[in-house]
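Asks:
Residue numbers (mature numbering (1 follows the signal peptide of the UniProt record, and there is no 0)): -25 to -1, 1 to 136.
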């Protein structure tokens, strides 16, 4: 008695698969030699056919570009957070606990020791928001910690003069 139930279930499965087959087919459009437009699932060889419906080739390039841009923005955010942390740590540390000048972030413009004019120029640019530091292809405006660093180095360089 179980045999009819299995057969009915099997038939339903087969019918379901048959119905699903055409739904996932790729439909192409091409022009026949007589000039008429023909649509079908298999274009003849040597014909310039256009895919009308069905699965198209995955476009990986825009996804990769978006992912690369997202990673670039994340690296920039990480770098800015690092600069902020360094600046906060430098401002909260006691003056006696500081051991010499703070390390300069990569890409921050430097001036030769004792060159007061160059430090003044860099400070003016940094205060006006025109000074940018760069690391590779990423650039950023000077943050308050970098401006303070230039001020301190400038005072030290000009005092030695």
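No residue lacks a Cβ here, since even glycine has one placed at the ideal position from N, Cα and C.
#1: Restricting to Cα atoms, I'd like to know which of -22, 66, 21, -17 is closest to residue 119.
#2: What number of angstroms, rounded off, separates the C-alpha of residue -23 from the C-alpha of residue -8?
#3: Could you give the residue range of the alpha helix (DSSP H) that holds residue 120?
#4: Locate the beta strand (DSSP E) running through residue 4, then write down its first and last residues.
#5: Under a Cβ-count criterion, where at least 16 other Cβ atoms within 10 Å of its own Cβ denotes burial, should residue 33 be classed as buried or exposed?
#6: Give me the Cβ distance between residue 129 and residue 95, rounded to the nearest whole Å; I'm assuming they're in contact under 8 Å.
#7: Once the 5 residues before and after residue 7 are set aside, which same chain residues still bring their CB inside 7 Å of it?
#8: Is the distance from the Cβ of residue 5 to the Cβ of residue 22 below 8 Å?
#9: Please identify the residue among 11, -15, 3 whose C-alpha is closest to the C-alpha of residue 20.
#10: Check residue -16 in the structure and name its three-state DSSP category.
#11: Would you give the residue range spanned by the alpha helix (DSSP H) that residue 17 belongs to?
#12: Who are the Cβ neighbours of residue 122 in its own chain at under 6 Å, not counting the five residues just before and after it?
#13: When we look at the beta-carbon of residue -15 and count the other beta-carbons within 10 Å, is it buried (16 or more) or exposed?
#14: Which whole-angstrom value is the C-beta distance of residue 91 and residue 132, which I expect to be below 8 Å?
Replies: Reading from the atomic positions:
#1: Position 144 of the chain shown, counted from the start, is the residue given in the question as residue 119. Looking at the Cα atoms, 66 is the closest of the given residues.
#2: In the chain shown, counting from the first residue as 1, residue -23 sits at position 3. In the chain shown, counting from the first residue as 1, residue -8 sits at position 18. Whole-angstrom Cα-Cα distance: 23 Å.
#3: As a working mapping, residue 120 is identified with position 145 in the chain shown. Residues 119 to 134.
#4: Translated into positions along the chain shown, residue 4 becomes position 29. Segment 2 to 6, the beta strand (DSSP E) holding residue 4.
#5: Numbered from its first residue, the chain shown carries residue 33 at position 58. Its pLDDT being 48, under 50, residue 33 is placed unreliably in this model, and the value from its coordinates should be taken loosely. Residue 33 is exposed by the Cβ-count criterion.
#6: The sequence position of residue 129 within the chain shown is 154, counting from 1. The sequence position of residue 95 within the chain shown is 120, counting from 1. That pair is a contact at about 7 Å.
#7: Translated into positions along the chain shown, residue 7 becomes position 32. Result list for residue 7: 13, in chain order.
#8: Here residue 5 refers to the residue found at position 30 of the chain shown. Here residue 22 refers to the residue found at position 47 of the chain shown. Yes; because the gap between Cβ atoms is below 8 Å, this pair is in contact.
#9: The residue labelled residue 20 in the question sits at position 45 within the chain shown. Here the closest residue by C-alpha is 3.
#10: Locating residue -16 in the chain shown gives position 10, counting from the first residue. Reduced to three states, the DSSP call for residue -16 is helix.
#11: Along the chain shown, read from residue 1 onward, the residue named residue 17 stands at position 42. Per DSSP, residue 17 belongs to no alpha helix (DSSP H) and is neither H nor E.
#12: In the chain shown, counting from the first residue as 1, residue 122 sits at position 147. The residues are 101.
#13: Within the chain shown, numbered from 1, the residue matching residue -15 stands at position 11. Counting Cβ neighbours within 10 Å, residue -15 comes out exposed, since fewer than 16 surround it.
#14: Here residue 91 refers to the residue found at position 116 when the chain shown is read from its first residue. Here residue 132 refers to the residue found at position 157 when the chain shown is read from its first residue. Yes, residue 91 and residue 132 are in contact; Cβ-Cβ is about 6 Å, under 8 Å.
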